[in-house]
Amino acid sequence: MKPGSPVRLRILVQGTVQRVGYPHIIQGIARRNQVAGCIRNLEGYDVEIIAEGRPDNLQQFRTDIRIQEFPISVEHI
Numbered sequence: 001m002k003p004g005s006p007v008r009l010r011i012l013v014q015g016t017v018q019r020v021g022y023p024h025i026i027q028g029i030a031r032r033n034q035v036a037g038c039i040r041n042l043e044g045y046d047v048e049i050i051a052e053g054r055p056d057n058l059q060q061f062r063t064d065i066r067i068q069e070f071p072i073s074v075e076h077i
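Residue numbers are given in our numbering: position 4 of the sequence shown equals residue 4, and the series is strictly consecutive.
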């Protein structure tokens with residue numbers, strides 16, 4: 001793989017992330033970081049994110065999705 005080539009991540013987010021607007025916020029963060037993909041709720045209140053982009057963009061995206069602002073509380077990624 002060439003440096004900077006797009007990669008895909010499957011990210012499992014645990015915490016208070018369902019029914020609090022988390023997916024909507026994540027869409028904005030993805031656009032800002034030039035990351036494409038999708039997000040879906042899982043049973044048990046977790047969220048799955050499939051994210052594609054350049055490694056440096058994905059690194060910033062992973063940092064940005066660790067939201068600790070009421071009512072959202074990301075406990076584990």
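No residue lacks a Cβ here, since even glycine has one placed at the ideal position from N, Cα and C.
Ordered list of alpha helix (DSSP H) runs contained in the stretch 44-70, each at least 4 residues: Within the stretch 44-70, the complete alpha helix (DSSP H) segments at least 4 residues long are 55-64, listed from N- to C-terminus.
CA-to-CA distance, residue 5 to residue 66, given in whole angstroms: For the pair residue 66 and residue 5, the Cα-to-Cα distance works out to about 24 Å.
Do you know whose CA, among 19, 62, 45 and 46, lies nearest residue 53's CA? The residue with the shortest Cα to Cα distance from residue 53 is 62.
Between the CA atoms of residue 35 and residue 58 - distance to the nearest angstrom: Each residue's alpha carbon lies about 7 Å from the other.
Does the beta carbon of residue 18 fall short of 8 Å from some heavy atom of the ligand GDP? Looking at this structure, you won't find the ligand GDP or any other ligand, since it has none at all.
Apart from the five residues on each side of it in sequence, which residues of its chain come closer than 7 Å, Cβ to Cβ, to residue 16? Answer for residue 16: 71, 72 and 73, listed in chain order.
Select from 13, 33 and 64 the residue whose C-alpha is nearest the C-alpha of residue 41. Closest by alpha carbon: 13.
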